[in-house]
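A.B. asks: Residue numbers (the numbering used here), protein chains in the order written: chain A, 2 to 208; chain B, 2 to 208; chain C, 2 to 208; chain D, 2 to 208.
Sharing a structure below in structure tokens format, with a few things to ask.
4 protein chains.
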Amino acid sequence: MDRSRLETFSDGVFAVAITLLALDLSVAGPGHGSLGHQLARQWPSYVAYAISFFTIGIIWVNHHGVFQALARVDRVLVFLNLGLLFFVVAIPFATSTMASYLNSGGADAHLAMAVYVSVFELMSITFSAIFLWSMRRGMLHSPLAPADARRAIVRFTIGNLAYIAAIGIAFASPYTALVITGLVAVYYMAERTAAPELEQAGRRADS
Amino acid sequence: MDRSRLETFSDGVFAVAITLLALDLSVAGPGHGSLGHQLARQWPSYVAYAISFFTIGIIWVNHHGVFQALARVDRVLVFLNLGLLFFVVAIPFATSTMASYLNSGGADAHLAMAVYVSVFELMSITFSAIFLWSMRRGMLHSPLAPADARRAIVRFTIGNLAYIAAIGIAFASPYTALVITGLVAVYYMAERTAAPELEQAGRRADS
Amino acid sequence: MDRSRLETFSDGVFAVAITLLALDLSVAGPGHGSLGHQLARQWPSYVAYAISFFTIGIIWVNHHGVFQALARVDRVLVFLNLGLLFFVVAIPFATSTMASYLNSGGADAHLAMAVYVSVFELMSITFSAIFLWSMRRGMLHSPLAPADARRAIVRFTIGNLAYIAAIGIAFASPYTALVITGLVAVYYMAERTAAPELEQAGRRADS
Amino acid sequence: MDRSRLETFSDGVFAVAITLLALDLSVAGPGHGSLGHQLARQWPSYVAYAISFFTIGIIWVNHHGVFQALARVDRVLVFLNLGLLFFVVAIPFATSTMASYLNSGGADAHLAMAVYVSVFELMSITFSAIFLWSMRRGMLHSPLAPADARRAIVRFTIGNLAYIAAIGIAFASPYTALVITGLVAVYYMAERTAAPELEQAGRRADS
Numbered sequence: 002m003d004r005s006r007l008e009t010f011s012d013g014v015f016a017v018a019i020t021l022l023a024l025d026l027s028v029a030g031p032g033h034g035s036l037g038h039q040l041a042r043q044w045p046s047y048v049a050y051a052i053s054f055f056t057i058g059i060i061w062v063n064h065h066g067v068f069q070a071l072a073r074v075d076r077v078l079v080f081l082n083l084g085l086l087f088f089v090v091a092i093p094f095a096t097s098t099m100a101s102y103l104n105s106g107g108a109d110a111h112l113a114m115a116v117y118v119s120v121f122e123l124m125s126i127t128f129s130a131i132f133l134w135s136m137r138r139g140m141l142h143s144p145l146a147p148a149d150a151r152r153a154i155v156r157f158t159i160g161n162l163a164y165i166a167a168i169g170i171a172f173a174s175p176y177t178a179l180v181i182t183g184l185v186a187v188y189y190m191a192e193r194t195a196a197p198e199l200e201q202a203g204r205r206a207d208s
Numbered sequence: 002m003d004r005s006r007l008e009t010f011s012d013g014v015f016a017v018a019i020t021l022l023a024l025d026l027s028v029a030g031p032g033h034g035s036l037g038h039q040l041a042r043q044w045p046s047y048v049a050y051a052i053s054f055f056t057i058g059i060i061w062v063n064h065h066g067v068f069q070a071l072a073r074v075d076r077v078l079v080f081l082n083l084g085l086l087f088f089v090v091a092i093p094f095a096t097s098t099m100a101s102y103l104n105s106g107g108a109d110a111h112l113a114m115a116v117y118v119s120v121f122e123l124m125s126i127t128f129s130a131i132f133l134w135s136m137r138r139g140m141l142h143s144p145l146a147p148a149d150a151r152r153a154i155v156r157f158t159i160g161n162l163a164y165i166a167a168i169g170i171a172f173a174s175p176y177t178a179l180v181i182t183g184l185v186a187v188y189y190m191a192e193r194t195a196a197p198e199l200e201q202a203g204r205r206a207d208s
Numbered sequence: 002m003d004r005s006r007l008e009t010f011s012d013g014v015f016a017v018a019i020t021l022l023a024l025d026l027s028v029a030g031p032g033h034g035s036l037g038h039q040l041a042r043q044w045p046s047y048v049a050y051a052i053s054f055f056t057i058g059i060i061w062v063n064h065h066g067v068f069q070a071l072a073r074v075d076r077v078l079v080f081l082n083l084g085l086l087f088f089v090v091a092i093p094f095a096t097s098t099m100a101s102y103l104n105s106g107g108a109d110a111h112l113a114m115a116v117y118v119s120v121f122e123l124m125s126i127t128f129s130a131i132f133l134w135s136m137r138r139g140m141l142h143s144p145l146a147p148a149d150a151r152r153a154i155v156r157f158t159i160g161n162l163a164y165i166a167a168i169g170i171a172f173a174s175p176y177t178a179l180v181i182t183g184l185v186a187v188y189y190m191a192e193r194t195a196a197p198e199l200e201q202a203g204r205r206a207d208s
Numbered sequence: 002m003d004r005s006r007l008e009t010f011s012d013g014v015f016a017v018a019i020t021l022l023a024l025d026l027s028v029a030g031p032g033h034g035s036l037g038h039q040l041a042r043q044w045p046s047y048v049a050y051a052i053s054f055f056t057i058g059i060i061w062v063n064h065h066g067v068f069q070a071l072a073r074v075d076r077v078l079v080f081l082n083l084g085l086l087f088f089v090v091a092i093p094f095a096t097s098t099m100a101s102y103l104n105s106g107g108a109d110a111h112l113a114m115a116v117y118v119s120v121f122e123l124m125s126i127t128f129s130a131i132f133l134w135s136m137r138r139g140m141l142h143s144p145l146a147p148a149d150a151r152r153a154i155v156r157f158t159i160g161n162l163a164y165i166a167a168i169g170i171a172f173a174s175p176y177t178a179l180v181i182t183g184l185v186a187v188y189y190m191a192e193r194t195a196a197p198e199l200e201q202a203g204r205r206a207d208s
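So, in structure tokens, the structure goes:
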């Protein structure tokens, strides 16, 4: 399997999933109270839309970073990638559920938030698996220096631990869990999980 | 018609269809019983989502395998491919119908499961037709050895027979039919329908 | 504007539109009569899905044929192409409206069918405009022989006239109009609007 | 990050967003008044669909123009591009809300129109930011002459000012604001924001 068609297909899934997120923004229409009130009441939908949009966006950026560094793709990686997309595709559902229950309070709000962060954590785990598998099996254009590999693993671990903490916290305070999930997105926009070294390796190989 | 635009279009359809699957996961929202209860009650949706997702994923992987081995594409193949996509696009509908009727019991559950597996079988038949047509018309980069061609045909036949059996069994036990459908997906993740030999022929041609 | 990104974008729109068609197949779920009855009652949806799917599929095939023959793309062509996509995107709406009104009888069924065929006719007109503009402005790799150009124009005209006839007939017998629309799809699967000569010109240029 | 995968992903998002616009055209079906009446009553949906479709189309054309002129892409540009797509994806929601409230009159119609134009303005601002960032950071194949850069900035400013004016006017007359929004689309179809000089620079670099 060549790298480029795997990227085209994954880009398609990322693009559709990220666009479906916005379907949840719709209001009920005339006759359901003033529009201003309707728009204000669904603020969790906007926050959820923004966090999910940029989290998918970042995963896409990092996905690109890893795949650009790959010299070849084996069958296991193809199915690990399908596993990643499996959770990416579930994000619009998790986002919409979280947004509609966030303000309902009680056990439902806790559970909805825990489900939301869990989907992110599962996506993050499969992404880590893609990175580790391609590194261990020597599928990169040029192997990472041990220090670089360690740095990349530390970055993955930070995100994974933050999500796991947020899942636990969701059962005490869903709002705090939501803030943590947003902060993970901000963290990954600043720090690159896919290791800058990896991207450079990919760039050298492509030119 | 060159191969690459056919692949781009097909990848787009696969990507949209696989993402639309998750639309069916949505819950009714606050005021329809506890969220935990709602999520638990719709377990058939998760199973259906997983089986349909990985079945489309596998067809996509095998589609890629066959097209990579093609030296040229004729007009019949273009329309056979449209036929394949016709059934791929129907999978979200079949999945959602099956999931909502599975636990309703009786004739409706039987029929919904039979429709679900039938769409898979029709997809499988058109995929087999694509493979056979391109092989018989000499459109491959390098012809398959007779033994390899036989092995590929055996693999297709196993999947087709399993689906046909599952359609019949659906009218006795939809749950058993569902398990068989899932096992076909697992079987094709381990065994490659599109014949490893085919993929190697494609790889030789591309490099 | 280079040809390839125009094709990628158009392929994306074709792929999403063709996949959204199937959203209209969904049944109401348990508690709305037997599933068999529900599935049987919505036969217009299946017919509409099949005709719309293959009509979009054929336009995509012919779109590819024309664009492959283009040596360059000007700004007018970019907007003519947007015009074509404008009507392609409206097809799922027109299909779903036609399917839900076909059996309602009377003026509504007539109007729904006329709207359905009109969207096809508008799509067909913009496609003809793309072909004529690129031919007249000398944007093809190699100019068509006058006889070939005439043949292509005859093929376009046949489809356009058949659609216009079907729009009129829709107000007398929507079922007859539906059959004509289906026959146009079959005609274009056999005969190529985009002129085989055009495709050959494109192939010579690409290799 | 290489330019081509950024373009593929963006094209996918543009294609899905532009196609989802048409979901809002759907009518309620038999039993909700005559079809002719239903279709006529929802004329704001057609106008909204047309304006949003061509506005997204033009942004896509100009997006292509800018990216074709880029010699390289940095991380800031990747996230500016995600910001642009964030607002593109919100357009179907804004379009559907505007269309359903336009004829409701009073404060709701004003607010819905202001939200609609605001999403366009935010999209326009992020697009301007992409253009300015890539120009200032010297990421173009060949730098723009000062006069050309000024001309491009004037074109951006005209659109941005027109949108800002339309947001204010929306609170007095939503219909006037709608007309202005449509005129901006027409203006950008005639005049190219992305500067013809930019596109020529891109073409020189690609050939």
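Using N, Cα and C, we set each Cβ at its ideal position, and we do this for glycine too.
1) Considering Asp12 (chain A), what are the terminal residues of the alpha helix (DSSP H) in which it resides?
2) Report the CB separation of Ala130 (chain B) from Leu81 (chain B) in whole angstroms; it is logged as a contact under 8 Å.
3) May I ask you to verify whether the stretch 94–114 of chain D touches the stretch 17–36 of chain A, counting CB pairs closer than 8 Å and requiring at least 3?
4) Given 7 Å as the limit, tell me if Ala171 (chain C) has its C-beta closer than that to any heavy atom belonging to the ligand NAD.
5) Counting only C-beta atoms, is His65 (chain B) closer than 8 Å to chain A at any point?
6) Compute the distance between the beta-carbons of Ile92 (chain A) and Ala186 (chain A), then report whether it is under 8 Å.
7) Could you tell me the distance, in whole angstroms, from the CA atom of Thr194 (chain D) to the CA atom of Asn63 (chain D)?
8) Measure the alpha-carbon distance for Phe132 (chain C) versus Leu141 (chain C) and round it to whole angstroms.
9) Can you tell me where the alpha helix (DSSP H) holding Arg138 (chain C) begins and where it ends?
10) What are the start and end residues of each continuous alpha helix (DSSP H) run of 4 or more residues lying completely inside the stretch 35–93 of chain B, in chain order?
11) Going by C-alpha to C-alpha distance, which of B:Leu24, B:Ser35, B:Ala173 and B:Asp3 sits closest to Ala113 (chain B)?
12) Within this structure, are the beta carbons of Ala51 (chain A) and Val118 (chain A) separated by less than 8 Å?
13) Does the stretch 6–25 of chain C come close enough to the stretch 12–27 of chain B that 3 or more CB-CB pairs lie under 8 Å?
14) Thinking C-alpha only, which one of D:Phe87, D:Ala191 and D:Gln69 is nearest Ile126 (chain D)?
15) Given a cut-off of 8 Å, decide if Ala49 (chain B) and Val17 (chain A) are closer than it, judged by their beta-carbon atoms.
16) How big is the Cα-Cα spacing for Ser143 (chain B) and Arg137 (chain B)?
17) Pick from A:Leu145, A:Leu71 and A:Ala115: whose alpha carbon is nearest that of Ile170 (chain A)?
18) So Ile181 (chain A) and Ala153 (chain A) are in contact, right, with Cβ under 8 Å, and what is the actual spacing, rounded?
19) Where do the ends of the alpha helix (DSSP H) carrying Ala148 (chain D) lie?
20) For Val14 (chain A) and Thr20 (chain B), I'd like the C-alpha separation in whole angstroms.
21) Kindly list, in the order they appear in chain C, the residues whose Cβ is closer than 7 Å to that of Met190 (chain D).
22) Using the Cα positions of Val89 (chain A) and Pro175 (chain B), report the straight-line distance between them to the nearest angstrom.
23) Is it the case that the Cβ atoms of Leu71 (chain A) and Ser5 (chain A) are separated by a distance below 8 Å?
24) Relative to the C-alpha of Asp3 (chain A), which candidate in A:Ser105, A:Thr56 and A:Asp75 has its C-alpha closest?
25) Does the beta-carbon of Ala41 (chain B) have 16 or more other beta-carbons within 10 angstroms, so that it is buried, or is it exposed?
26) Of all the options D:Phe55, D:Leu36 and D:Gly37, which has the alpha carbon lying nearest to the alpha carbon of Met190 (chain D)?
27) So is Gly58 (chain D) in contact with chain C if we call contact Cβ pairs under 8 Å?
28) Helix, strand or coil for Ser208 (chain C)? Go by DSSP, reduced to three states.
29) Helix, strand or coil: how does DSSP classify Glu192 (chain D) here?
30) Skipping 5 residues on each side, what residues in its chain have a beta carbon closer than 7 Å to that of Leu123 (chain A)?
31) Cα-Cα, which of C:Val79, C:Leu78 and C:Gln43 is closest to Ser97 (chain C)?
32) For chain D, is any of its Cβ atoms less than 8 Å away from the one on Trp61 (chain A)?
33) Glu192 (chain A) to Asp149 (chain C), Cα distance in whole Å?
34) With 8 Å set as the bound, which would you pick, yes or no: does the beta-carbon of Leu184 (chain B) sit closer than that to a beta-carbon of chain A?
C.D. replies: On the basis of the supplied data:
1) Arg4 to Leu21
2) 5 Å
3) yes
4) As for the ligand NAD, it is missing from this structure, which has no ligand bound.
5) yes
6) no
7) Below a pLDDT of 50, predicted positions are generally treated as unreliable, and Thr194 (chain D), at 49, falls in that range; no measurement from the model is reported.
8) 10 Å
9) Taken as a continuous stretch (DSSP letters only), Arg138 (chain C) belongs to no alpha helix (DSSP H), as it is neither H nor E.
10) 36–42 and 44–69
11) B:Ala173
12) no
13) yes
14) D:Phe87
15) no
16) 12 Å
17) A:Ala115
18) Their Cβ separation, rounded to whole angstroms, is 22 Å, which puts Ile181 (chain A) and Ala153 (chain A) out of contact at 8 Å.
19) Pro147 to Ala171
20) 6 Å
21) Phe80
22) 29 Å
23) no
24) A:Asp75
25) exposed
26) D:Phe55
27) yes
28) Because the pLDDT of Ser208 (chain C) is 47, which lies under 50, any placement of that residue in the model is unreliable, and the number read from its coordinates should be weighed accordingly. If DSSP states are grouped into helix, strand and coil, Ser208 (chain C) belongs with coil.
29) coil
30) Phe88
31) C:Gln43
32) yes
33) 59 Å
34) no
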